[in-house]
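Visitor: Residue numbers for the sequence shown follow the working numbering, beginning at 45 and rising by one. Take this structure, written in structure tokens, and hold onto it; I'll ask about it next.
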Amino acid sequence: MGKVIGIDLGTTYSCVAVVEDGQPKVIPNKGGYKTTPSVVAFEEGGRRLVGQLAKRQMVTNPKNTIYATKRLIGRKFDSPEVKKALASYPYEIFEGPHSDVRVRAGGQEFSLPEIGAMVLQEMRRVAEEYLGEPVKEAVVTVPAYFNDGQRQGTKDAGRIAGLDVLRIINEPTAAALAYGYGKKLDETVAIYDLGGGTFDISVLEISEGVFEVISTAGDTYLGGDDFDDRIIDYLAESFQQNEGVNLRRDKMALQRLKDAAEKAKIELSSALQTEINLPFIAMSDKGPLHLNLSLTRQKLEELTADLVERTLSICTKTLEAAGLTKEDIDEVILVGGQTRMPRVQEVVQKFFNRPPRKGVHPDEVVAVGAAIQGHALSAAAGAGGEERAEDLLLLDVTPMGLGIATFGGFFTRVIERNTTIPTHASHIFTTAADNQASVKIHVLQGESDRAADNELLGEFMLTGIRPAKRGEPEVEVTFDIDSDGIVSVSAKDLDTGQEQSITVTASSGLTDQEVQWMVDASKNYEVELKSRSEVEKACNRLEGLLLQVERELHARDKGLEKSLVQEAQSLLKKARQAIEFGDLQEIKKYTHQVPDLIKRIGAGG
Ligand code: ADP
Ligand code: MG
45 MGKVIGIDLG TTYSCVAVVE DGQPKVIPNK GGYKTTPSVV AFEEGGRRLV
95 GQLAKRQMVT NPKNTIYATK RLIGRKFDSP EVKKALASYP YEIFEGPHSD
145 VRVRAGGQEF SLPEIGAMVL QEMRRVAEEY LGEPVKEAVV TVPAYFNDGQ
195 RQGTKDAGRI AGLDVLRIIN EPTAAALAYG YGKKLDETVA IYDLGGGTFD
245 ISVLEISEGV FEVISTAGDT YLGGDDFDDR IIDYLAESFQ QNEGVNLRRD
295 KMALQRLKDA AEKAKIELSS ALQTEINLPF IAMSDKGPLH LNLSLTRQKL
345 EELTADLVER TLSICTKTLE AAGLTKEDID EVILVGGQTR MPRVQEVVQK
395 FFNRPPRKGV HPDEVVAVGA AIQGHALSAA AGAGGEERAE DLLLLDVTPM
445 GLGIATFGGF FTRVIERNTT IPTHASHIFT TAADNQASVK IHVLQGESDR
495 AADNELLGEF MLTGIRPAKR GEPEVEVTFD IDSDGIVSVS AKDLDTGQEQ
545 SITVTASSGL TDQEVQWMVD ASKNYEVELK SRSEVEKACN RLEGLLLQVE
595 RELHARDKGL EKSLVQEAQS LLKKARQAIE FGDLQEIKKY THQVPDLIKR
645 IGAGG
């Protein structure tokens, strides 16, 4: 059995780790960085760039650079979050066949799980290069507050990437695992995770290798990107006031603003003031315009105060749900790059009345925890013969209630939030009319008592109910939430004991067949990539030989027969043409011919 890697698939940055000789290790990418931007870009001709290379060309290629798709994965196209993205993202977003979200770039269309798969594949490559062996299995993390659709989308991304995703685990839980692994602890900890796109807070009890989540809550649209947006708004408004030009209209200018906003924000975590200079950001009748503004830490704190405040009200809610007070928390652990902001650290410290734990790397712990869980799962599978991972038991919860829509537009909970997973619960349905043959069930997830305010996971049709008087047939529907937090539904006719068939008619996810197509498309791209690099190698080899021909010709200069010189020159020309066209067969042919020619030139003809 090969190694199981842990991947933190972040909104803005991703990270991969593995356990080696019992020690978790974060794997750096080729550039030496331990995190890789979750950015995918498309060049003309369909060539893909992922990670640092993609992020670097973002400003010059805004329309074909896809980022922050984690904010949209598993969401319905008509949701407010997607509307917000439509207004502010420079790349094209459109509605897919299941009211899902799709993107268009480089002349191609992609579902969001496909974009996620490209980032996962990159992280897998990073791991494979380091380990020097193929990797097939992974544990992938998601925000704790992700719902079923978002988890399903992430799982699909794994499948499309050709990975066997052994488990989806929650990011704060992974961080707790990284914090407590191998230590003899008996503590109640709060994990405050503010990353690029999402906020989560989880309260766990850790004792003797058992990690039990007591409660969790979050906001899947609250993170560092929103802090950047506040700075962008501030810059754009100031510019409009001073120069009368709306920078938001220009995609490239907007991308430069975004870039500068994030840089300024990060700088203000260590400095008290920073200058933002964007020369030639726009044109006016009077000539080019430049943006020069200074931003203080205090101004940034003012611009983002309500965002920070929102995280605290979620913390309050989570403690209440856990039945705990702030005094019951032994340690507070900060996770996510945005917690590097001094203001965030201050308010968290004030809220919990204790300094947050130091020594936990905020943007690496999640991947480390995923790797630990992967290691434990592979050891538990037991096939490897490697020593067993330290006994480790992870008990996570479902972040929101699961239930059905009932008469009058109400939401009836079947499973309460913060229930330990895996779990299942049943509900008995009957018919409302005589001889009714089918019943429609709306399955929802959320916290509101009104059905319409919750997320619709799917419409399930119970069909083939036996003819009977109304209220007589009894169909038991069972809702399962597995260890990944993913929901499935099954039904049984209680009179006959027969499984009842269920069909899903609405879901924002991909169908099984679509995922299969995408798996194939992704494999084809891998093959194409490999053959491309084969062509590149062949070109290099031939070019080397052609240079040698030129050198020999030059050295012998006048002593050669004219016909041989002509032959050499014609071959040089044709071979370079073959290189230009990337014609592998022709390249091979010339590579074969050249050594003989070199020999003849060397012999003087
Ligand atoms: P995710 O996993 O959601 O991609 P990360 O945990 O990697 O997020 O955090 C990324 C976010 O943290 C980005 O918004 C980034 O700008 C922000 N960030 C990184 N370093 C700092 C810093 N020193 N000060 C403030 N914010 C930071
Ligand atoms: Mg993260």
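We put the CB at the ideal spot given by N, CA and C, even for glycine.
#1: Whole beta strand (DSSP E) runs in the stretch 442–486 with 3 or more residues, listed along the chain?
#2: DSSP has residue 68 in a bridge; who is on the other side?
#3: Flag this pair as yes or no: are the beta carbons of residue 95 and residue 73 separated by less than 9 Å?
#4: Cβ-heavy atom distance between residue 507 and ligand 1 below 8 Å?
#5: Below 8 Å, is the gap between the Cβ of residue 587 and the nearest heavy atom of ligand 1?
#6: Measure the C-alpha to C-alpha separation of residue 584 and residue 623 and round it to an integer number of angstroms.
#7: Cβ of residue 54 within 8 Å of any heavy atom in ligand 2?
#8: Since residue 181 and residue 207 are thought to touch, with beta carbons under 8 Å apart, how far apart are those beta carbons, to the nearest angstrom?
#9: Considering residue 636, what are the terminal residues of the beta strand (DSSP E) in which it resides?
#10: With 9 Å as the threshold, decide whether the Cβ of residue 310 is near any Cβ in chain B.
#11: Would you report the Cα separation of residue 168 and residue 187, rounded to the nearest angstrom?
#12: Compute the Euclidean distance between the alpha carbons of residue 193 and residue 251, then round it to the nearest angstrom.
#13: Between residue 407 and ligand 3, is there a pair consisting of the residue's CB and a ligand heavy atom that are separated by less than 8 Å?
#14: Any heavy atom of ligand 1 inside 8 Å of the beta-carbon of residue 346?
#15: What is the DSSP secondary structure of residue 214, reduced to helix, strand or coil?
#16: Which residue wins for smallest C-alpha separation from residue 371, given the options 533, 112, 239 and 233?
#17: Quick check: what's the CA-CA separation for residue 61 versus residue 69?
#18: Roughly how many whole angstroms lie between the Cα atoms of residue 243 and residue 264?
#19: Buried or exposed: which applies to residue 300, given that a residue is buried once 16 or more other Cβ atoms fall within 10 Å of its Cβ?
#20: Comparing C-alpha positions only, which one of 553, 562 and 502 sits nearest to residue 533?
#21: Using a Cβ-Cβ cutoff of less than 6 Å, which residues in the same chain neighbour residue 225 once the five nearest sequence positions on both sides are dropped?
#22: Between the stretch 451–460 and the stretch 502–511, are three or more C-beta pairs nearer than 8 Å?
#23: Please look up how many angstroms separate the CB atoms of residue 104 and residue 269, rounded, as I've assumed it's under 8 Å.
#24: By alpha-carbon positions, which one of 420, 555 and 530 ends up nearest to residue 253?
#25: Sorted by chain position, which residues of the same chain lie with C-beta nearer than 7 Å to residue 304's C-beta, five sequence neighbours on each side aside?
#26: Below 8 Å on the Cβ atoms is my contact criterion, and I expect residue 260 with residue 362 to pass it. Report the Cβ-Cβ distance as a whole number of Å.
#27: Can you give the Cα-Cα distance for residue 689 and residue 184, rounded to whole angstroms?
#28: Identify whether residue 535 lies in helix, strand or coil by the three-state DSSP scheme.
#29: Can you tell which of 176, 164, 223 and 177 has its C-alpha closest to the C-alpha of residue 209?
#30: Let me make sure I understand the geometry here. Which of 383, 412, 133 and 337 has the alpha-carbon closest to that of residue 66?
#31: For residue 178, which of 338, 646, 444 and 49 has the nearest alpha-carbon?
#32: Quick one: complete beta strand (DSSP E) runs, 3+ long, within the stretch 143–177?
Guide: Taking the coordinates as given:
#1: Fully enclosed beta strand (DSSP E) runs of 3 or longer: 445–450, 454–459 and 467–473.
#2: Answer is 63, bridged to residue 68.
#3: In this structure, residue 73 lies closer than 9 Å to residue 95 by Cβ.
#4: Answer for residue 507: no, Cβ out of range of ligand 1.
#5: Checking the Cβ of residue 587 against ligand 1 gives no.
#6: Taking the straight line from one Cα to the other gives about 9 Å.
#7: Because some heavy atom of ligand 2 lies under 8 Å away, the Cβ of residue 54 counts as near it: yes.
#8: Indeed they touch by this definition, with Cβ atoms about 7 Å apart.
#9: Unbroken run through residue 636 is the alpha helix (DSSP H), 628–646; no beta strand (DSSP E).
#10: Of the protein chains in the structure, only one exists, and it is not chain B.
#11: Their backbone Cα atoms lie some 20 Å apart in a straight line.
#12: Approximately 32 Å between the Cα atoms of the pair.
#13: With respect to small molecules bound, the structure shown includes ligand 1 and ligand 2 and not ligand 3.
#14: Flag unset: Cβ of residue 346 not near ligand 1.
#15: In this structure, residue 214 counts as strand in the three-state DSSP scheme.
#16: Comparing Cα-Cα distances from residue 371 to each of 533, 112, 239 and 233, the minimum goes to 233.
#17: Their backbone Cα atoms lie some 5 Å apart in a straight line.
#18: Cα to Cα, the separation comes out at about 6 Å.
#19: By the neighbour-count rule (16 or more Cβ atoms within 10 Å), residue 300 is buried.
#20: For the residues 553, 562 and 502, the minimum Cα distance to residue 533 belongs to 502.
#21: Here the set comprises 416.
#22: At 8 Å Cβ cutoff, the stretches do not touch.
#23: Contact between residue 104 and residue 269 fails: their C-beta atoms lie close to 21 Å from each other, not under 8 Å.
#24: Comparing Cα-Cα distances from residue 253 to each of 420, 555 and 530, the minimum goes to 420.
#25: Excluding five sequence positions before and after residue 304, the CB atoms of its chain that fall closer than 7 Å to its own CB belong to 320 and 322, given in chain order.
#26: In this structure residue 260 is in contact with residue 362, their Cβ atoms being roughly 7 Å apart against a cut-off of 8 Å.
#27: Any property of residue 689 remains undetermined from this structure, which presents the chain solely from 45 to 649.
#28: In the three-state scheme derived from DSSP, where H, G and I count as helix and E and B as strand, residue 535 is classed as strand.
#29: Measuring from the Cα of residue 209, the nearest candidate turns out to be 164.
#30: Ranking 383, 412, 133 and 337 by CA distance to the CA of residue 66 puts 412 first.
#31: Residue 178 has its Cα closest to that of 49, out of 338, 646, 444 and 49.
#32: Here the runs fully enclosed are 145–149 and 152–155.
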